[in-house]
Amino acid sequence: MRAEGLTEALSVSVGCLEDLEFPAPAILHWPNRKHKWLCLEGVPLAEVS
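Here our numbering runs 1428 ahead of the position in the sequence shown, where the first position is 1.
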């Protein structure tokens, strides 16, 4: 998914991939929208300006 104004960004929804070799997230951009059951310990939060 792409967003207007974020031409360099690409978003992939959780659960859309079947590849177990796909890398883990590097940064969490919207933690307030994350499902409560999803544990992403060690993944840093993006700085919001």
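Even for Gly, the Cβ is constructed at its ideal location relative to N, Cα and C.
Cβ atoms of residue j and residue i: under 8 Å apart, would you say?
i	j	result
residue 1456	residue 1437	no
residue 1453	residue 1471	yes
What separation, rounded to the nearest whole angstrom, lies between the Cα atoms of residue i and residue j?
i	j	result
residue 1451	residue 1432	25 Å
residue 1465	residue 1449	22 Å
residue 1441	residue 1462	11 Å
residue 1435	residue 1460	23 Å
residue 1458	residue 1469	15 Å
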